[in-house]
Each structure stands twice: as structure tokens, then as C-alpha cells.
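Written below as C-alpha cells is the structure these notes are about.
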Amino acid sequence: MAQLTATFRALHHDRAPGDALVIPGPWDAAAARVFADAGFPALATPSAGVAASLGYEDGSTPAAEMFAAVARIVRSVDIPVSADIEGGYGLPPKELVARLLETGAVGCNLEDSAHDGTLKDPAQHADWLAEVIAEAGDALFVNARVDTYIRGVKDTAEAVARAHRYLAAGADCVYPIGAPPDQLPRLAAEIDAPINVGAPPGGPSLAELGRLGATRITFGPGLQRKASAKVREIADALALGTY
Numbered sequence: 267m268a269q270l271t272a273t274f275r276a277l278h279h280d281r282a283p284g285d286a287l288v289i290p291g292p293w294d295a296a297a298a299r300v301f302a303d304a305g306f307p308a309l310a311t312p313s314a315g316v317a318a319s320l321g322y323e324d325g326s327t328p329a330a331e332m333f334a335a336v337a338r339i340v341r342s343v344d345i346p347v348s349a350d351i352e353g354g355y356g357l358p359p360k361e362l363v364a365r366l367l368e369t370g371a372v373g374c375n376l377e378d379s380a381h382d383g384t385l386k387d388p389a390q391h392a393d394w395l396a397e398v399i400a401e402a403g404d405a406l407f408v409n410a411r412v413d414t415y416i417r418g419v420k421d422t423a424e425a426v427a428r429a430h431r432y433l434a435a436g437a438d439c440v441y442p443i444g445a446p447p448d449q450l451p452r453l454a455a456e457i458d459a460p461i462n463v464g465a466p467p468g469g470p471s472l473a474e475l476g477r478l479g480a481t482r483i484t485f486g487p488g489l490q491r492k493a494s495a496k497v498r499e500i501a502d503a504l505a506l507g508t509y
């Protein structure tokens with residue numbers, strides 16, 4: 267597992283301009299195998315996509331079920347898998363890290379929104395991240411999500427300030443989720459670390475997101491929703507007597 271974590275961490279560094287790391291988000295083991303067989307070097311589970319596959323709304327999956335789902339995905343492939351574990355499910359840092367490592371995941375997303383949808387105090391969140399990272403050491407690649415844009419704070423300076431705090435706490439990467447594409451060059455210029463960008467539906471191409479400043483590109487629940495739409499097409503055809 268240590269080698270997989272090192273491999274995953276290395277994928278985020280020394281990338282050519284515009285050559286963003288594209289990381290699909292599998293919602294179950296079958297999807298994970300499809301993406302791995304297609305040649306992608308790493309995967310990152312989306313909490314909303316996994317929740318949908320388990321029959322839950324986003325944000326309501328019990329921690330035990332989320333960790334079990336991540337473990338099944340990890341077991342199904344031989345490439346690094348990072349896990350979106352929302353805000354950490356209220357677990358103490360030591361237990362959170364232990365549960366993650368039990369799944370075999372090499373990293374995690376940790377968001378700075380509270381369960382009620384409000385932004386956490388950045389200083390307190392940075393302190394909590396530092397505790398998690400101290401417990402994990404080099405065993406986990408921590409992607410610190412910055413939720414300002416999706417919580418109505420459009421000031422890029424605030425996103426940058428939070429990113430700096432989280433990186434100082436030891437995060438490996440920051441994820442200013444919902445960042446407008448026209449703000450990516452500024453974010454890349456002011457944040458000296460890997461930047462995760464979520465690919466917006468109908469937005470710039472993956473190559474363009476890389477040119478704008480993305481180090482890595484993920485998809486949230488977007489791929490699971492595309493797959494569900496295809497299943498709906500099949501269901502509609504079956505209802506009409508065809509397939």
C-alpha cells in the first residue's frame with residue numbers, strides 16, 4: 267500500500283503545463299474495473315455517486331457503509347484509489363485515519379463545510395486537518411476541499427486564503443470546488459501546490475482545464491449520473507418492448 271500511495275502522490279507533481287491528471291470517480295467495483303481497464307492511473311470515489319449506488323441521498327450515507335463501499339472498490343483494482351469521505355463523519359482523527367487505511371485507500375477528500383451546509387471556521391478546520399495528517403503521516407494523500415464558491419462566497423481571495431491555511435496544515439492538494447474557469451489562472455498563480463478542479467458539465471474540455479491551471483481533474487457524481495441516464499434509456503426501451 268505504501269508504494270501505491272507514493273505512486274499516487276508522484277502523479278500530482280512535475281506535470282507538463284496543460285497535462286492535468288484525469289481521475290475518474292467510480293461509484294462501485296464494476297465501474298472501478300471499467301475505468302482501470304481503460305488505462306487510467308488512479309481513481310477517486312465520489313461520495314454522492316457512491317451514496318446513489320447504495321440508495322442514499324448525498325450526505326446521508328452511514329460511515330460504515332461508505333467505508334465498506336470504498337474497500338470493495340479498492341479490492342477490485344490494482345491502481346491507487348482515493349476516497350471522498352465528506353467531512354470525516356464526525357470521527358476523531360485517529361479513528362478516521364484507521365478506518366481509511368483499513369479500506370486500502372491511498373488518500374481522501376476532506377471538505378470544509380459543516381453538515382448543515384455552512385462553512386467551517388478556517389483556522390479550526392486547519393487545526394483539525396493537521397491532526398488528521400499527523401495521524402496519517404505519509405500514508406494518505408490529503409485533498410483539502412475549499413467550499414467557498416459553492417457556499418456563496420465568490421471572493422477568490424477567500425478561497426486562496428483557506429487553501430494556504432490547509433496547505434500549511436500539511437494537505438497535499440487543494441480543491442476549490444465550483445471555482446469558475448476564469449478564476450483558475452489566478453488560483454494556480456497564487457497557490458503553490460496541486461489544484462483539483464471538478465469538471466463542470468458542459469464546461470471547458472479537460473485539456474483546457476489543464477491549460478487554465480488544473481493539476482488534476484475529477485468529476486464528482488457526474489459520471490455516475492451519466493451512467494444512470496444510460497440505464498434509464500435502457501429501461502425506457504424495455505418498457506417499449508425493445509432493448
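Residue numbers 267 to 509, in my numbering, belong to the letters of the sequence shown in order.
Where is the CB? At the ideal position from N, CA and C, for every residue including glycine.
Bridge partners of phenylalanine 407 according to DSSP: Gly373. Inter-residue distance for alanine 410 and lysine 496 is about 32 angstroms (C-alpha atoms, whole angstroms). Contact annotation: the stretch 434 to 445 does not touch the stretch 301 to 313, with fewer than three C-beta pairs closer than 8 angstroms.
Under the three-state reduction of DSSP output, glycine 464 falls in the strand class. Within a 10 Å sphere around the beta-carbon of methionine 267 sit fewer than 16 other beta-carbons, which makes this residue exposed. Secondary structure note for aspartate 502: its alpha helix (DSSP H) is the uninterrupted segment 488 to 505. For leucine 472, the secondary structure class from DSSP, reduced to helix, strand or coil, is helix. For serine 313, no pairing in a beta bridge is given by DSSP.
Membership of valine 300 in the alpha helix (DSSP H) is indicated by the continuous run 295 to 303. Counting C-beta pairs closer than 8 angstroms gives three or more between the stretch 466 to 477 and the stretch 278 to 293, which meets the contact rule. Between the beta-carbon of arginine 428 and that of proline 460 there is about 16 angstroms, and that puts the pair past the 8 angstroms contact cut.
Membership of proline 442 in the beta strand (DSSP E) is indicated by the continuous run 439 to 442.
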